[in-house]
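All remarks here apply to the structure that follows.
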Amino acid sequence: MNGFRLFAIAMAILVSGLLSGAPALAAPAKCSQYAFNGDFFIKGSNVGEVSVFDVPPGTRFAGRTFTIGDGGRPVNGFIQDGTISGRKIDFKIAWIVESDPVWTFTGTINDEGLVRQGIMHGQGFMGLWDSTSPLACNDPVAATDPLPGSIIVDPSPATTRVEGPITAP
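Reading the sequence shown from the start, the letters are residues -26 to -1, 1 to 143 in mature numbering (1 follows the signal peptide of the UniProt record, and there is no 0).
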């Protein structure tokens, strides 16, 4: 092979390497543990809107509830037995009315921190519910392992000590 051909092949390889883009970054990992981060709002197919106030942050669900009942009257209640485990949410609302109804809610949290088409049921009804306020991702902070492709260099002293007098050149 002559020198010109070798040069042309080498240049073609070099140019193709320069023109190819950097490898694509991996998508961020999906959240594996969600948590409550304040007031929580629910919209149910059979029950309208339910508001949950005074919700402490974390995976245990507590708070006072409010909705508009039959005839437009306000109905208050409270959360009992509420938790988030990973992406699964389960809780009950006990309503403070004469019949003391308890509604049970279950669902799966999507990547946006919302529940879509969870199941709710109480005495004499069953329906679907959605959350309208996103939950917070509660994954532990990334471990101290370096990111893939990181170059780890041991720290070196910023200066070097030299014994004896220092003279300028």
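Think of the CB as a built atom: it goes at the ideal place given N, C-alpha and C, for glycine as much as any other residue.
By the Cβ-count criterion, M94 is buried, with 16 or more other Cβ atoms from all chains shown falling within 10 Å of its own Cβ. For L109, no beta strand (DSSP E) run applies, since DSSP gives it neither H nor E.
Within the same chain, Cβ atoms closer than 6 Å to the Cβ of T41 are found at V24, V49, the five residues on either side in sequence being excluded. Secondary structure of D44 (DSSP, three-state): helix.
Across the set P114, G46, Q54, T106, the C-alpha of T106 shows the shortest separation from the C-alpha of F15.
Here the alpha carbons of N112 and M100 stand approximately 30 Å from one another.
By the neighbour-count criterion, in which a residue is buried when 16 or more other Cβ atoms sit within 10 angstroms of its Cβ, V71 is exposed.
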